[in-house]
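All remarks here apply to the structure that follows.
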Amino acid sequence: MNTMSFVGAVASLGYLALFWWCGWALARRALPGDGAEVLLPLSGAFCTALLAGLPAVFALGLGFTLPAVLAAGAAALGLGLWATLSGKQPALPRPGKDLAALLACVLPLLAVTLWLLHTHVLLGRDGAYWCGQSTYGDLPMHLAFIKSIAVRGQFPPIYPLLSGSEAFGYPYLSETVSSVFLLTGASLKAAYILPCIPALVSVFGSLWALGRSVLGGRGAASLAYWLFFMGSGFGFVYFLGGGWENFTRIFTAYYETPTNYVEENIRWVNPIADLLVPQRATLFGWAVGFACLYLLWRFAWQQERRLWGWLWLLAAPLPLLQAHAALVLVILAGAGFVFALVRGPRTKAAVLPWLAWAGAQAVVWIPLVFTQLMTGGQTGGSFFQWHWNWANEGDNYFWFYIKNIGLVYLLIVPGFLWAGRKLRELYAGGLAILLLAEVMLFQPNPYDNNKLLYFWHLLSCLLAAGLICGLAAKLPKKPARVLLVSVVVLLGCVGSVLTIGREWVSEYQQFGAAEAAVGSYVDENAPADAVFLTGTQHQNPVASLAGRQIVCGSSLYVYYHGKDYYGQAELVRQLYEEPSEELLARLGVDFVMIGPWERSDYAALDENFYRSRYPVWYEADGYSIYQITEP
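Structure follows, in structure tokens:
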């Protein structure tokens, strides 16, 4: 189940290399005069967008199957050849200081993040699978989605954690980018991590490239980069008093870190530890979204209007990677359009590229949003609700953000006053994002509005970096400049350094050897469309390791995906405590799993009902699976 043959490894690496080469070719075609410091992250973004989009297009006719994946590969090959051969391209500029500065920023965090992914995703040990603190909650859900899409082959995919719920209602292209590698022969762990590599290159590199273009200097771009990815507030203060044990619990307690300490209303998490590693929609949404922001900056504020077609192509799958990133792009593009009209000229030649891009994007996005995301069955009737002040629970509005975000927040106003006109205009769009995130919810969980807020924060980091580097440049002596920047980095990043340290040493058992064995057996022997009755625990080997449909999953997932699951959860209880053949048939149950969790959670469990009527399909290490229907 989680092993990979040599052929599967070669095929999967070759498939990734093909798409990344195509991404590189498209990046060079889009920006023929730019150097590797821009083309490298942009190639990762195009690679991610193509991995998300091309297999999905062919899956509409072929199902999410190996033929669809191969057809997508052929299309990527054709696109790459077209981009390479259709026009004369200048030679790449010689590597210079910009590329060196980019790599000095990107490579350390890329290495750290990939190591965390390795240790936090299905780390095998003595037959069991281990994870880290940040992936303990969400990883089983992502594994279930990835595996289910590849196993069932149905497209658009059906939601695997609530039987009878056809619509996914979730940005599932952030999962299909890994499902393709299961079909090329990769293990579940490898399939999970492989597409993360170009995505991370894009996330890290695109932010640096945006900073370089907006702020005009390598130093300012690098400072903005570190303030965003490793910046933090003043949460570390809570761990300075009370003895050595109060400090060391950062590295031992579950989610008591300087960037994630709910008891003290610290909610502004480190982007690497708590967003890029555990949240796939954020990772792949940022991979495409950050690169789109870079192209938008050049299109709207650098007047490179020819880029609208490339921006459209890159952004096409964005709503089904992360809907919040698509909304951000709309808001910032709206700001750019308004300021373009104000500045003029208002000629047809000036306005037409905007209208062409908006129209083309709408043709793709509107059907995706209304047919795949805004589906029925929400627990609260609608995702859209009024809600004030994000996740603040009791603090003064400004103090909440001061202690959570820290120095960057304090520098917003002076940074805005220091900034040039174009950055101020861009930040005006950022303020619109902030306002929207502070007054309206787009999902049941208020905390998830941080998917909007971190884009505003990115722009705030540009303001802060521009101000600090501008002030440093006015200091007459180099030691004074170094001291100023060093103090900023120390105060701005110490909390995140401690958080990354905690994540580095964290380890939790995700699936024991018994659960891994159950998942392997189900994966190898159960029909692809089988429906399993299991408990509603979030660590579910049938769903996560075998990708099979279950009657009802954990409320940690189904509730926050807007599913109306309460009735089905009650039916699960009835089937364990008051079972009947009629109810089993009504729900289409093919197998019933009874293990330690079910025996613990359902006090009146009637296992004798199943043992006396149905054959035992699997039994080992405290797990029994009963076969309800004939194969």
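Residue numbers for the sequence shown follow my numbering, beginning at -10 and rising by one.
Glycine residues also receive a C-beta, built at the ideal position from the N, C-alpha and C atoms.
These figures come from a predicted structure and were not determined experimentally.
So if DSSP puts Met582 in a beta bridge, which residue, or which two residues, is it bridged to? As a working note, residue 582 is residue 593 in the sequence shown. Met582 pairs with Ile614.
Please list the terminal residues of the continuous beta strand (DSSP E) segment that includes Arg238. The residue you call residue 238 lines up with position 249 of the sequence shown. Careful: Arg238 lies outside any beta strand (DSSP E) and carries neither H nor E.
Taking the straight line between their C-alpha atoms, what separation do you get for Gly369 and Trp275? As a working mapping, residue 369 is identified with position 380 in the sequence shown. As a working mapping, residue 275 is identified with position 286 in the sequence shown. Low confidence applies here, because Gly369 scores a pLDDT of 44, under 50, leaving its location unreliable and the question unanswered by this model.
Please classify Gly298 as buried or exposed, where buried requires at least 16 other C-beta atoms within 10 Å of its C-beta. Translated into positions along the sequence shown, residue 298 becomes position 309. Exposed, since its Cβ has fewer than 16 Cβ neighbours within 10 Å.
For the 8 Å Cβ check, are there 3 or more pairs between the stretch 14 to 34 and the stretch 188 to 206? yes
Whose CA, out of Phe217, Tyr181 and Pro530, lies closest to the CA of Leu98? On the sequence shown, residue 98 is found 109 positions in, with the first residue counted as 1. The shortest C-alpha separation from Leu98 is found at Phe217.
Do you know whose CA, among Leu264, Val277, Gly224 and Phe236, lies nearest Glu252's CA? Position 263 of the sequence shown, counted from the start, is the residue given in the question as residue 252. Ranking the options by Cα distance to Glu252, first place goes to Gly224.
For the stretch 246 to 306, which segments carrying the alpha helix (DSSP H) assignment without a break, of at least 4 residues, lie completely within its bounds, in sequence order? 269 to 285 and 297 to 304
Quick check: the Cα distance between Gln143 and Ala188, rounded to an integer number of angstroms? Position 154 of the sequence shown, counted from the start, is the residue given in the question as residue 143. Position 199 of the sequence shown, counted from the start, is the residue given in the question as residue 188. So the two alpha carbons sit approximately 25 Å from each other.
Which two residues bound the contiguous alpha helix (DSSP H) that contains Val547? Numbered from 1 along the sequence shown, position 558 holds the residue referred to as residue 547. Segment Ser544 to Val547, the alpha helix (DSSP H) holding Val547.
Cβ of Tyr565 within 8 Å of Cβ of Tyr591? For the purposes of this step, residue 565 is identified with residue 576 of the sequence shown, where counting begins at 1. For the purposes of this step, residue 591 is identified with residue 602 of the sequence shown, where counting begins at 1. For Tyr565 and Tyr591, yes; Cβs fall inside 8 Å.
Alpha carbon to alpha carbon, how far is Gly418 from Arg332? Locating residue 418 in the sequence shown gives position 429, where the first residue counts as 1. Locating residue 332 in the sequence shown gives position 343, where the first residue counts as 1. Going from the Cα of Gly418 to the Cα of Arg332 covers about 16 Å.
Per DSSP, which one or two residues make a beta bridge with Ala609? Mapped onto the sequence shown, residue 609 falls at position 620. Bridge partners of Ala609: Tyr612.
Roughly how many whole angstroms lie between the Cα atoms of Gly383 and Leu423? Counting from 1 along the sequence shown, the entry for residue 383 is found at position 394. Counting from 1 along the sequence shown, the entry for residue 423 is found at position 434. Their Cα atoms are separated by approximately 19 Å.
Short of 8 Å in beta carbon distance, which residues of its chain neighbour Asp595, apart from the five on each side in sequence? Order them along the chain. As a working note, residue 595 is residue 606 in the sequence shown. For Asp595, where only same-chain residues beyond five positions count, the Cβ hits under 8 Å are Tyr565, Glu566, Glu567 and Pro568.
Within the same chain, show all residues whose beta-carbon is closer than 8 Å to that of Cys11, passing over the 5 residues directly before and after it, in chain order. In the sequence shown, residue 11 corresponds to position 22, counting from 1. Answer for Cys11: Phe35, Cys36, Leu39, Ala65, Leu66, Leu68, Gly69 and Ala72, listed in chain order.
Of the listed residues Tyr4, Ala80 and Lys77, nearest to Ala61 (C-alpha basis): Numbered from its first residue, the sequence shown carries residue 61 at position 72. Of the listed residues, the one whose Cα sits closest to Ala61 is Tyr4.
On the premise that Tyr416 lies in contact with Ala380, defined as a C-beta separation below 8 Å, what is that separation, rounded to the nearest angstrom? Locating residue 380 in the sequence shown gives position 391, where the first residue counts as 1. Locating residue 416 in the sequence shown gives position 427, where the first residue counts as 1. In fact, because the Cβ distance is near 23 Å, the residues do not count as touching under 8 Å.
Own chain, CB closer than 7 Å to Trp354, minus 5 neighbours either side, in chain order: Along the sequence shown, one-based indexing puts residue 354 at 365. Once the five neighbours on either side are set aside, the close Cβ partners of Trp354 are Pro308 and Ala315.
For Gly369, which three-state DSSP category applies? One-based indexing of the sequence shown puts residue 369 at position 380. Only weak support exists for where Gly369 lies, its pLDDT of 44 falling under 50; the coordinates are left without a value.
Comparing C-alpha positions only, which one of Leu522, Leu534, Asn514 and Val476 sits nearest to Glu504? Residue mapping note: residue 504 aligns to position 515 of the sequence shown, counting from 1. Checking every option, the nearest Cα to that of Glu504 belongs to Leu534.
What span of residues does the alpha helix (DSSP H) with Lys192 cover, start to end? Numbered from 1 along the sequence shown, position 203 holds the residue referred to as residue 192. Residue identity check: residue 192 is Val in the sequence provided, not Lys. Note, Val192: alpha helix (DSSP H), Cys185 to Leu204.
Less than 8 Å between the CB atoms is what I'm expecting for Leu284 and Leu300, so what's the real figure, rounded? The count along the sequence shown starts at 1 and reaches residue 284 at position 295. The count along the sequence shown starts at 1 and reaches residue 300 at position 311. Cβ atoms of Leu284 and Leu300 come within 8 Å of each other, at about 5 Å.
Spatial neighbours of Leu265 in its chain, beta-carbon cut-off 8 Å, leaving aside the 5 residues before and after: As a first step, residue 265 must be located in the sequence shown, where it is residue number 276. Answer for Leu265: Thr102, Leu189, Val192, Thr271, Leu272 and Trp275, listed in chain order.
Taking 8 Å as the threshold, find out whether the stretch 227 to 238 comes into contact with the stretch 204 to 214 through three or more Cβ pairs. Contact between the stretch 227 to 238 and the stretch 204 to 214 is absent, because fewer than three Cβ pairs lie under 8 Å.
Neighbourhood of Ile394 by C-beta distance below 6 Å, restricted to the same chain and skipping five residues each side: On the sequence shown, residue 394 is found 405 positions in, with the first residue counted as 1. Counting only Cβ-Cβ distances below 6 Å, and skipping sequence neighbours, we find Gly222 and Trp257.
Exposed or buried, Tyr390, counting other C-beta atoms within 10 Å across all chains shown (16 or more means buried)? As a working mapping, residue 390 is identified with position 401 in the sequence shown. In the assembly as shown, Tyr390 is a buried residue. Its beta-carbon has 16 or more other beta-carbons within 10 Å.
Which term fits Glu164, buried or exposed, when burial requires 16 or more other beta carbons within 10 angstroms of its beta carbon? Numbered from 1 along the sequence shown, position 175 holds the residue referred to as residue 164. With 16 or more other Cβ atoms within 10 Å, it is buried.
I need the DSSP call for Arg410, collapsed to helix, strand or coil. In the sequence shown, residue 410 corresponds to position 421, counting from 1. Note: Arg410 maps to helix in three-state DSSP.
Any idea if Asn385 is buried or exposed, counting beta-carbon neighbours within 10 angstroms, 16 or more meaning buried? As a working note, residue 385 is residue 396 in the sequence shown. Exposed is the label assigned to Asn385, since fewer than 16 other Cβ atoms lie within 10 Å of its Cβ.
Using a threshold of 8 Å, state whether the C-beta atoms of Leu88 and Glu155 are closer than that. Against the sequence shown, residue 88 aligns to sequence position 99. Against the sequence shown, residue 155 aligns to sequence position 166. No, these two residues do not count as a Cβ contact at 8 Å.
Quickly, what does DSSP pair Cys120 with across the bridge? List them, please. Here residue 120 refers to the residue found at position 131 when the sequence shown is read from its first residue. In the DSSP output, where bridge partners are listed per residue, Cys120 has Tyr497.
Applying the 10 Å Cβ sphere with the 16-neighbour rule, what's the burial state of Phe405? Indexing the sequence shown from 1 puts residue 405 at position 416. With 16 or more other Cβ atoms within 10 Å, it is buried.
Is DSSP giving Ile147 helix, strand or coil here? Numbered from 1 along the sequence shown, position 158 holds the residue referred to as residue 147. If DSSP states are grouped into helix, strand and coil, Ile147 belongs with coil.
Buried versus exposed, by CB contacts within 10 Å (16 or more), Asn434: Reading the sequence shown from its first residue, position 445 is the one you call residue 434. With fewer than 16 other Cβ atoms within 10 Å, it is exposed.
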